[in-house]
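Residue numbers (the numbering used here): 1 to 271.
Ideal Cβ placement from N, Cα and C applies to all residues, glycine included.
Note that the coordinates shown come from a computational prediction; the quantities given were computed from them, not determined experimentally.
Everything below concerns the one structure shown next.
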């Protein structure tokens with residue numbers, strides 16, 4: 001017997017929300033779902049903790065060492081569903097908010113075990129870890145200032161975007177010539193013999209160019225995720241089941257039959 005699909009999906013979304021709130025320096029949401037006998041296993045040596053009270057003391061205590069962060073490139077999924085218990089696993093990049101005085105980005109993986117009791121979901125176990133070698137810490141330093149490998153990659157990608165002057169020439173429907181910077185394009189949508197170019201600024205311009213013609217003129221940062229869409233992979237916020245969410249919140253569909261192949265291609269490009 002499986003937990004209802006709707007409830008399992010709720011557990012997945014709660015996992016995401018708990019982590020997002022935690023990294024915005026609010027541990028109370030995740031604590032409100034913790035079982036009395038929850039097991040909390042964290043990245044620090046001391047973080048093998050049993051019990052909600054001890055877990056609350058630890059999570060609240062870490063707040064003084066953290067900086068506000070947001071999650072990027074989120075990938076969460078239900079890996080086990082049996083009866084009244086389901087397990088949610090995920091991986092994501094923890095990135096400091098722009099208002100923080102320094103930049104840091106690290107990859108984390110998580111596992112949350114949820115149990116449904118009397119119609120309510122409770123966390124029985126939660127585990128968060130960092131890839132070996134990703135963080136360089138001194139002793140029990142909770143929030144290292146040493147930039148890791150993922151942070152370096154992110155900065156290089158952002159620097160490349162800001163300095164990239166690669167251009168695209170296109171003609172709009174009123175026969176006016178435009179020259180666009182590829183780095184400013186969010187995605188391109190097919191419209192028969194024309195294409196609609198969506199920009200980071202929010203503007204959309206129809207041009208006399210097919211999607212295939214655009215792909216030939218664009219560079220490797222652009223990928224076709226659907227027969228009607230080509231996206232700028234540097235603008236991906238997260239990959240969800242059967243869709244890609246871009247940094248402005250736009251949701252681009254991925255065909256069901258090509259989801260696994262497309263997902264693997266995108267993840268490889270994001271590494």
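- Query: Taking just the CA atoms, how far does residue 257 sit from residue 70?
  - Reply: 31 Å
- Task: Could you give the DSSP three-state label for residue 221: helix, strand or coil?
- Result: coil
- Task: At 4 residues or longer, and completely inside the stretch 185 to 222: list those alpha helix (DSSP H) runs for me, N to C.
- Result: 211 to 217
- Query: Taking all protein chains shown into account, do 16 or more other C-beta atoms lie within 10 angstroms of the C-beta of residue 73, making it buried, or fewer, making it exposed?
  - Reply: buried
- Same chain, Cβ closer than 7 Å to residue 76, neighbours up to 5 away in sequence not counted: 12, 15, 16, 88 and 90
- Contacts around residue 21, its chain only, beta-carbon distance under 6 Å, and the 5 residues preceding and following it disregarded: 29
- Message: Rounding to the nearest angstrom, what Cα-Cα distance links residue 252 and residue 56 in this structure?
- Response: 38 Å
- Does the beta-carbon of residue 48 have 16 or more other beta-carbons within 10 angstroms, so that it is buried, or is it exposed? exposed
- Start and end of the beta strand (DSSP E) containing residue 42? It is not in any beta strand (DSSP E) - residue 42 carries neither H nor E in the DSSP assignment.
- Message: Let me check understanding here. Comparing Cα to Cα, which of 195, 209, 186 and 242 lies closest to residue 235?
- Response: 186
- Task: Measure how close the beta-carbons of residue 96 and residue 120 come, nearest whole angstrom, since I'm counting them as under 8 Å.
- Result: The Cβ separation is near 34 Å, so there is no contact.
- Task: Assign residue 90 to one of three DSSP states: helix, strand, or coil.
- Result: strand
- Task: Note down the Cα distance separating residue 127 from residue 200, rounded to an integer number of angstroms.
- Result: 36 Å
- Excluding five sequence neighbours on each side, which residues of the same chain lie with their C-beta closer than 8 Å to the C-beta of residue 124? 35, 37, 38, 39, 85, 113, 114 and 115
- Own chain, CB closer than 6 Å to residue 110, minus 5 neighbours either side, in chain order: 90 and 128
- Message: Using CA atoms only, rank isn't needed, just tell me which of 33, 45, 43 and 79 is closest to residue 53.
- Response: 33
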